[in-house]
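Quick note on this note's numbering: the sequence shown kicks off at 687 and runs consecutively. Contents: one structure, followed by commentary.
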Amino acid sequence: MNAFNQILRVGLFLVLAVFGTIMAFIFMVSTAIAIAVLYVVARIKRRPFGVRAYWDQRHKPSPRKNTFKNKDVVDVEMREIR
Numbered sequence: 687m688n689a690f691n692q693i694l695r696v697g698l699f700l701v702l703a704v705f706g707t708i709m710a711f712i713f714m715v716s717t718a719i720a721i722a723v724l725y726v727v728a729r730i731k732r733r734p735f736g737v738r739a740y741w742d743q744r745h746k747p748s749p750r751k752n753t754f755k756n757k758d759v760v761d762v763e764m765r766e767i768r
C-alpha cells in the first residue's frame, strides 16, 4: 500500500510539473507576441522601440496645459449649514 501511495504521489507531481511547464510556455509565447506587436507599432509610427526610449518619453517634463482659458471662471455651490 505504501508503494502505491508513493507511485500516486510521483504521478501527481509529474502531472502538475508538466501542466506548469505548459502554462509557462504559453506565457512566454504570449509575451513574445505582445512585444512583437509593440515593435511593429513602434516601427509604423517611426518611434524608437526600447526601454530607454520609453523611460525618456514618460519622464520628460511636459508643459502644463491651461484647462480654463478664462481665468475669471468661478463655479461655486453654496449651502447653508445650521
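Beta carbons are placed, not taken as given, at the ideal position from N, Cα and C, and that holds for glycine. Here the structure is a predicted model, which means the values were calculated and not measured.
(request) Tell whether a beta-carbon distance below 8 Å holds between Phe-735 and Leu-724. (result) Yes, these two residues count as a Cβ contact at 8 Å.
(message) For a test of the three-state rule: what should DSSP assign to Arg-729, helix, strand or coil?
(response) Reduced to three states, the DSSP call for Arg-729 is helix.
(request) State the Cα-Cα distance for the pair Ala-689 and Ile-708, rounded to the nearest angstrom. (result) Rounded to the nearest angstrom, the two C-alpha atoms are 29 Å apart.
(message) Just verifying my parser: in three-state terms, what is the DSSP assignment at Met-714?
(response) Reduced to three states, the DSSP call for Met-714 is helix.
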